[in-house]
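One gets this note's numbering by counting positions in the sequence shown from 1 and adding 350 to each. From the three backbone atoms N, C-alpha and C, an ideal C-beta is built for every residue, glycine too. Okay, structure first, notes after.
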Amino acid sequence: MAFVERVFSGVQPTGNLHLGNYLGAIVNFVKMQETHDCIYCVVDMHAITQGVDVWGGPAELARNTREVTAAFIASGIDPKKHIVFNQSQVSGHAELAWILNCIARIGWLNRMTQFKEKAGKDRENASVGLYDYPVLMAADILLYRATHVPVGEDQKQHLELSRDIAQKFNNDFGDSIRGHGFNDGLFFPQPEPFITGPATRVMSLRDGTKKMSKSEASDNSRINLTDDANTIAQKIRKAKTDPEPLPSEEKGLQTRPEADNLVGIYAALAGVSKHDVLKDFGGGQFSSFKNALVDVCVAKLSPIADEMKRLVADAGHVDQILIDGANRARAIADETMRSAKNIVGFIRQP
Ligand code: AQP
Numbered sequence: 351m352a353f354v355e356r357v358f359s360g361v362q363p364t365g366n367l368h369l370g371n372y373l374g375a376i377v378n379f380v381k382m383q384e385t386h387d388c389i390y391c392v393v394d395m396h397a398i399t400q401g402v403d404v405w406g407g408p409a410e411l412a413r414n415t416r417e418v419t420a421a422f423i424a425s426g427i428d429p430k431k432h433i434v435f436n437q438s439q440v441s442g443h444a445e446l447a448w449i450l451n452c453i454a455r456i457g458w459l460n461r462m463t464q465f466k467e468k469a470g471k472d473r474e475n476a477s478v479g480l481y482d483y484p485v486l487m488a489a490d491i492l493l494y495r496a497t498h499v500p501v502g503e504d505q506k507q508h509l510e511l512s513r514d515i516a517q518k519f520n521n522d523f524g525d526s527i528r529g530h531g532f533n534d535g536l537f538f539p540q541p542e543p544f545i546t547g548p549a550t551r552v553m554s555l556r557d558g559t560k561k562m563s564k565s566e567a568s569d570n571s572r573i574n575l576t577d578d579a580n581t582i583a584q585k586i587r588k589a590k591t592d593p594e595p596l597p598s599e600e601k602g603l604q605t606r607p608e609a610d611n612l613v614g615i616y617a618a619l620a621g622v623s624k625h626d627v628l629k630d631f632g633g634g635q636f637s638s639f640k641n642a643l644v645d646v647c648v649a650k651l652s653p654i655a656d657e658m659k660r661l662v663a664d665a666g667h668v669d670q671i672l673i674d675g676a677n678r679a680r681a682i683a684d685e686t687m688r689s690a691k692n693i694v695g696f697i698r699q700p
């Protein structure tokens, strides 16, 4: 059976949504609305997988959930034509995650690099939820039988795991799947990652070898979507560079991670290629390039920050968007769960 094409992706409400989240994920969320039915989720259940001291407690979680929703809408996501909701309002995510927990193998999860990075040396003390995060992510996607998933490059390994889980479920339950009317034996699709653009992995402004991240202690390492023009200018002017002028060719960026990162950010924000950026700025000093980068960054992000501020000031309105989106998401999720339970053999009310 050919699956109906559907897009799903999520962002964690863990605070400080940054330029990496925007360029690596949200820009593509906006683009894909033109060609697909899209479901965009504020994954609040993922947000609590680290210690409460990390995610900030109940009031902070609610505030961050509204802020990510506001960022989606301010960036151009249309919550009426598409679906925007927070994960915990649709119980199917947790229910399907349990079934998929029994499909996924411990050996598969042991290979997940993000768990190793986030758990650090104190792995014994990490939550079971953090370890199981990629299975919940597979459930998020497969609950909507989504075929396309726009994400940043750091999520590639988790997407591969989602594909493995989908395939093993289809293999393990092939006869039952066919017996329930899915004649080709395929209940879950193999979701395709959609990782594209010149900034699929935006790096820290302080260290071009580290991913720009919400959890990095230094606020100067990232540009937050809510930063004002002065803060953006200061952070870009302080961004680490090297003493050489910018190269004229892309291959000259290969051994210069900070230069590569800033050129990639400019290209993504201006909607051009790195090659085009170097045509204009190659051979020049970082100082004048940084001025141009500040201009393009402020021009793109300031209207988003202003709109986010306006939206979060009306919590009732944002909550209503999430409730409405959750109702529509639940209708799709319930249908998947009915079939999934039948396929597994769970008795349920007809
Ligand atoms: N630096 C990045 N460059 C490009 N894309 C990125 N994404 C995250 N960081 C970058 C993409 O943003 C989407 C939402 O990410 P998330 O909220 O699920 O969090 P994360 O991937 O764990 O990364 P963060 O935001 O930096 O948080 P921490 O500090 O907790 O690791 C995803 O599509 C992701 O690929």
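Residue list for the ligand AQP: V361, Q362, G370, N371, G374, A375, V501, G502, D504, Q505, R551, V552, K561, M562, S563, K564, S565 (CB closer than 5 Å to any heavy atom, chain order).
In terms of CA proximity to S441, T686 leads the group I697, T686, F696, R551. Take the alpha-carbon of R572 and the one of N520: they are about 41 Å apart. By a beta-carbon distance limit of 8 Å, I491 contacts P541. Their separation comes to about 5 Å.
Among the bridge pairs identified by DSSP, F435 is matched with C391. Rounded to the nearest whole angstrom, the CA to CA distance from L596 to C391 is 39 Å. In this chain, the beta strand (DSSP E) harbouring R356 covers 356-361. Take the alpha-carbon of Q604 and the one of V627: they are about 15 Å apart. It is roughly 8 Å from the alpha-carbon of N475 to the alpha-carbon of A469. Contact between R556 and S568 holds: their C-beta atoms lie close to 6 Å from each other, under 8 Å.
Across the structure, S652 and N451 are spaced so that their CA atoms are roughly 42 Å apart. Non-local C-beta neighbours of Y481 in its own chain, meaning closer than 7 Å and more than five positions away in sequence, comprise L459, F465, ordered along the chain.
The beta carbon of N570 is closer than 7 Å to those of L555, R556, K585, K588 in its chain, skipping five residues each way along the sequence. Taking a contact to require three or more Cβ pairs closer than 8 Å, the region 512-527 and the region 668-681 do not qualify as touching.
In this structure, DSSP gives F639 a helical state, which the three-state scheme calls helix. Looking at the DSSP output, K561 bridges to M553. With respect to the C-alpha of L672, the residue from E608, A620, G632, D394 having the closest C-alpha is D394. The C-beta distance from T581 to E608 rounds to 20 Å, too long to fall under 8 Å, and the pair is not in contact. Looking at the DSSP output, P500 shares a beta bridge with F544. In the structure shown, H386 adopts coil according to DSSP, grouped into three states. The C-alpha of M562 is placed about 30 Å away from the C-alpha of D664. Within the same chain, V662, A665, V668 come within 7 Å of R416 by CB-CB distance, once the 5 residues on both sides are set aside.
Three or more beta-carbon pairs drawn from the region 354-363 and the region 371-379 are found closer than 8 Å, and the two stretches are therefore classed as touching. Comparing C-alpha distances from N371 to each of I449, L486, P500 shows the shortest one belongs to P500. Cβ-Cβ separation between M382 and H498: approximately 7 Å, consistent with a contact (criterion under 8 Å). For L612 and A412, the gap between their C-alpha atoms comes out near 33 Å.
When the five nearest sequence neighbours on each side are left out, the beta carbons in the same chain lying within less than 7 Å of the beta carbon of T364 are those of A397, W405, N414, K564, in order along the chain. DSSP links N574 through a beta bridge to H368. Between the C-alpha atoms of F353 and I697 there is a straight-line separation of about 26 Å. When secondary structure is reduced to three states using DSSP, S652 falls in the helix class.
Shortest Cα-Cα distance from A489 to any of S425, D684, K560 involves D684.
DSSP places E657 within a helical segment (H, G or I) once states are collapsed to three.
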